[in-house]
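There are 2 protein chains.
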Amino acid sequence: MSDRITLDHGSGGKASHDLIEEIFLSSFSNKTLNALEDSALVQIGSERLAFTTDSYVVDPIFFPGGNIGDLAINGTINDLAMRGATPLYISVAMILEEGLAISDLKTIVASMQEAAMTANVQIVAGDTKVVPVGKADKIFINTTGIGTVSEGVEINGSNGRVGDKIILSGTMADHGITILCQREGLAISGDFCSDTAPLHQLVAAMIADSPGQIHVLRDPTRGGVATTLQELATSSQVGILLRETALPIRADVQGACELLGMDPLHLANEGKLLAFVAPEVAEQTIAILHRLPHGSNAAIIGEVKADHPGEVLLETVVGSHRRINMLHGQPLPRIC
Amino acid sequence: MSDRITLDHGSGGKASHDLIEEIFLSSFSNKTLNALEDSALVQIGSERLAFTTDSYVVDPIFFPGGNIGDLAINGTINDLAMRGATPLYISVAMILEEGLAISDLKTIVASMQEAAMTANVQIVAGDTKVVPVGKADKIFINTTGIGTVSEGVEINGSNGRVGDKIILSGTMADHGITILCQREGLAISGDFCSDTAPLHQLVAAMIADSPGQIHVLRDPTRGGVATTLQELATSSQVGILLRETALPIRADVQGACELLGMDPLHLANEGKLLAFVAPEVAEQTIAILHRLPHGSNAAIIGEVKADHPGEVLLETVVGSHRRINMLHGQPLPRIC
């Protein structure tokens, strides 16, 4: 590891994982943290709680489809939902740069409240710090959430089983390509829009229909679908086979990725989930997702294999296979 | 209110309160948040949980007595303790500036783990973001904590009662004066050291000895003892009388404050608590605090009065009375 923090360390890819392993886990090590799930699961009295934190530093703070505020609320709701939790309470801590327009802050706060109300969660705790101009970039927001996990719900990244079907709940790379085009002022034709959205209703419906058959849930944010699946192949010690023709992606996003030489499998999503489900419930799960907001483009994109444990293989359009890796380097700093 | 965020908004004083009222509470309004306690209290199933968040942006990140890491852990432990909670779990979210020395990060992380172990809390969830050089200042840390509150414990800022004695658990202004001297490179003679420390043991001992008689607890961080007491006078709708001669303060800190023209009542503390306790248990509470680490200089500094509700009066050394106000303006940005 280098002796200085680099942007790669924030990519969500290989360098982030190395930093977490070498610096954080080596010091903070405990069973709950080491699981490296989207939420920690803790038992308090008779209650099983999911607990998750994320700081948001996205640039720009306003973008088509949302802003840093609803992104922060939805992101924490989703991290709770990925453990099968019902989101209940969220804390909001803001770091504001001197000079931030109060009108921008009001817009962001209103979006946060709307996102919280949509998901029926309460913002119950807060903190505000201000730093001098040039010591932050407009606004950074931390959201930390608590939810409850019902008895019998066991959804985690080690729970993938050979034969599971892999579902992606909608089109990929929308958030990543939107932020990239906004930030760089790229005039690529396309109607790009962040997919920021809460996913807890999708999760609740899937679990209600097929309790015990939903094995793994994860939202592919930083590092994209490829990085998330690589993590899951490792944590479940299984092989993953994806079918390129099955991957849902908007034509304009696909085109923009080709133009920019970026792999949409590595671009961030903020309103999509990956699910590993028992094969016998895969089709009915897709049917359920199709009826819900944010699930209309859900598709089975691959399956879990015994071969090549720890690897993700993509069966390409022409029938060849190539290995998919975790994101290396940092094509897009400050994506969320 | 101005149309831009200013450093005053982060002072913990009057401008911070106005920002919270006008922007955050007007949008996020709910009973739990509106209480504006150090921790929110939420009921989940049969459990009463305290939940609190704080971001730390202190400059410099290393200072005599601690660093931003143990400050962040102790600060969140203390916010939980001020509701009478037993701290259990903490999340840690870091925003790192590109270029931060990995060795500094390791030192900070080690301090955090040590502080967590000292207080018997687990760091169970985390997040790391990296922003380009010049878009943050080395490192910002958010810590969010969960603790449990036993049945019958009702400690909050509205619970101050006429006749209560007011206890300060040790010398004031140590953290504030230390950060100020470090940051400005002031060569004032004195052996200044931050008081960053966990206060949950003091609280547990006080509650165990006098259940129901400990009415209010609050740690006077940003804005100092004066601002915190002003908040409490308002929330409890009582008058507060302080005795200047009773205020514990180190001689060198007092001297530095005089030299700099600063009121130690407005300077931050990071290992002290204010308690409003029933008069019949005040002396025994002091005796308990004196036997514990971080409580050896505890003193009764005043009492709660029916006169002048909402006001804090200081009986000076010469016997006159002057009104103490919330901090206005921002003598010390980025104190925590």
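Chains as they are written, first to last, in our numbering: chain D, 14 to 349; chain S, 14 to 349. Even glycine gets a Cβ: it sits at the ideal position worked out from N, Cα and C. These figures come from a predicted structure and were not determined experimentally.
Taking Cβ positions only, does residue i come closer than 7 Å to chain S?
i	result
D:K27	no
D:E60	yes
D:L46	yes
D:S40	yes
D:L273	no
D:R17	yes
D:I36	yes
D:L113	yes
D:K148	yes
D:A106	yes
D:A53	yes
D:D232	no
D:S68	yes
D:A128	no
D:A138	yes
Contact criterion: CB-CB distance below 7 Å. Does residue i meet it with respect to chain D?
i	result
S:H30	no
S:H22	yes
S:L181	no
S:R196	no
S:F76	no
S:F64	yes
S:G165	no
S:Q135	yes
S:F205	no
S:I57	yes
S:A123	yes
S:T157	yes
Starting from residue i, trace the beta strand (DSSP E) in both directions and tell me its first and last residue.
i	result
S:R256	G252 to R256
D:V137	Q135 to V144
D:N155	I152 to T161
S:V325	V325 to E328
S:D265	Here S:D265 belongs to no beta strand (DSSP E); instead the alpha helix (DSSP H) covers A264 to L273.
S:A312	A312 to K318
D:D67	E60 to Y69
D:H213	No beta strand (DSSP E) contains D:H213, which is instead part of the alpha helix (DSSP H) from H213 to D222.
D:E244	Per DSSP, D:E244 belongs to no beta strand (DSSP E); it is in the alpha helix (DSSP H), G237 to S249.
Going by beta carbon distance, what residues of the same chain come within less than 6 Å of residue i, once the five residues before and after it are set aside?
i	result
D:Q195	P73 and F76
S:L212	N91, A94 and L286
S:D222	I301
S:A106	D140 and N155
S:T329	E257
S:G88	D67
S:M219	I227 and T298
D:G79	S207 and T209
D:D276	none
D:Y102	Q135, V137 and I159
S:A186	V266, P277 and L280
Just tell me which of the options has its CA closest to the CA of residue i.
i	options	result
D:R336	D:L287, D:G252, D:E197 and D:T298	D:G252
D:K119	S:F41, S:T184 and S:R263	S:F41
S:T8	S:E293, S:G176, S:C206 and S:L273	Only positions 14 to 349 of chain S appear in this structure, which leaves residue 8 of chain S out of reach.
S:E324	S:M275, S:I314 and S:L255	S:L255
D:D83	D:Q126, D:D117, D:R96 and D:T45	D:Q126
D:L181	D:A259, D:A28, D:V162 and D:Q243	D:A259
D:S104	S:L54, S:G315 and S:G176	S:L54
S:P292	S:G173, S:L20 and S:P346	S:G173
S:K290	S:I179, S:S124 and S:L20	Lys is not the amino acid found at residue 290 of chain S; the sequence shown has Val there. For S:V290, the nearest C-alpha among the options comes from S:I179.
D:C349	D:M339, D:E111, D:N282 and D:S124	D:N282
State the start and end residues of the unbroken alpha helix (DSSP H) segment that holds residue i.
i	result
D:P292	P292 to H303
D:R336	Here D:R336 belongs to no alpha helix (DSSP H); instead the beta strand (DSSP E) covers H334 to I337.
D:S124	I115 to T131
D:K44	K44 to N47
S:I192	D187 to E197
S:H30	K27 to L32
Leaving out five residues on either side along the sequence, give the residues of the same chain with a beta carbon under 8 Å from the beta carbon of residue i.
i	result
S:L272	I201
D:D204	D265
D:D320	G252
Got a sec? Which residues, its chain only, sit under 7 Å from residue i by beta carbon, not counting five neighbours each side?
i	result
S:G81	Checking the sequence, you will find Ile at residue 81 of chain S rather than Gly. Cβ within range, chain order: Y69, V71, I74, I121, I152 and I154.
D:P224	G165
D:N47	L38
S:I18	none
Touching or not, the region 21-39 of chain D and the region 221-238 of chain D, by the rule of three or more beta carbon pairs under 8 Å?
-> yes
* Per the contact definition of three or more C-beta pairs closer than 8 Å, is the region 297-310 of chain D in contact with the region 28-45 of chain S? -> no
Does the region 127-146 of chain D come within contact of the region 49-69 of chain D, defined as at least 3 CB pairs closer than 8 Å?
-> no
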